[in-house]
Amino acid sequence: MSATSSGPVPAPSAGAVPAVSPLPQVLVGLGTLAVAAWLAWGATSISADAGYAGVGPNFLPWVVSVLLGLCGVFMLREALTGGFRDLDEVDGAEQGDWRSFVWVAAGILLNASLITTIGFILSCALCYLLAVQGFRRSQGSASGGARGWITDALVGLAISAPVFWMFTKGLAISLPGLTQTGWI
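For the sequence shown, the positions run 12 to 195 when the working numbering is used.
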């Protein structure tokens with residue numbers, strides 16, 4: 012016996028999105044929940060002593076972890092009830108630009124590892140410099156030569172120095188400096 016259909020197969024509607032496996036979307040929701048749980052676990056190790064306005068230093072980490080957890084729950088619900096809806100067509104490159112990613116990642120990692128050694132201003136300026144180089148390369152632009160590197164370093168300094176001064180002088184928040192004067 013041969014299998015026959017009971018009628019013609021309906022044509023997909025004009026605005027229909029092709030069916031996609033929900034597994035990647037479920038994994039994104041679960042990953043978001045995992046990050047929220049990790050942040051909440053970290054928040055438990057922060058002091059809860061109430062300071063100004065009755066909130067302690069662990070208040071904001073708790074807010075972020077709870078809101079991120081809610082986002083994870085909503086993403087998981089969407090994935091399990093039909094998948095993410097109204098997705099736009101994918102644009103951009105087919106493959107990731109790993110060289111550009113390495114530039115940006117190097118900037119972030121060097122900032123984190125050098126901030127206590129060379130201070131906030133210089134480590135953030137270095138992070139800015141390397142991130143800009145990565146973004147330029149991702150757009151297919153040249154590095155800008157020596158002049159571009161110098162310009163990017165100066166712009167990084169021009170951004171990070173006022174931020175450092177605002178936090179240390181204006182808000183009395185201790186950030187690592189290069190010298191004991193509190194100005195660099």
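C-beta: ideal position from N, C-alpha, C; glycine also. Note that the coordinates shown come from a computational prediction; the quantities given were computed from them, not determined experimentally.
Candidates L137, S58, S111, P173, of which the one nearest T162 by Cα: L137
For P187, three-class secondary structure by DSSP: coil
Where the alpha helix (DSSP H) containing T162 begins and where it ends: 156 to 176
The stretch 123 to 131 touching the stretch 69 to 78, judged by at least three CB pairs closer than 8 Å: no
Cβ neighbour criterion (16 or more within 10 Å) applied to V66: exposed
S56 classed as buried or exposed, judged by whether at least 16 other C-beta atoms fall within 10 angstroms: exposed
Coarse secondary structure for P68, derived from DSSP in three states: coil
Exposure label - A169; buried when at least 16 CB within 10 Å: exposed
Which of helix, strand or coil DSSP assigns to S149: helix
Status (buried if at least 16 other CB within 10 Å, exposed otherwise) for A123: exposed
The ligand ADP heavy atom lying under 7 Å from the CB of S32: The ligand ADP is absent from the structure shown, which contains no ligand whatsoever.
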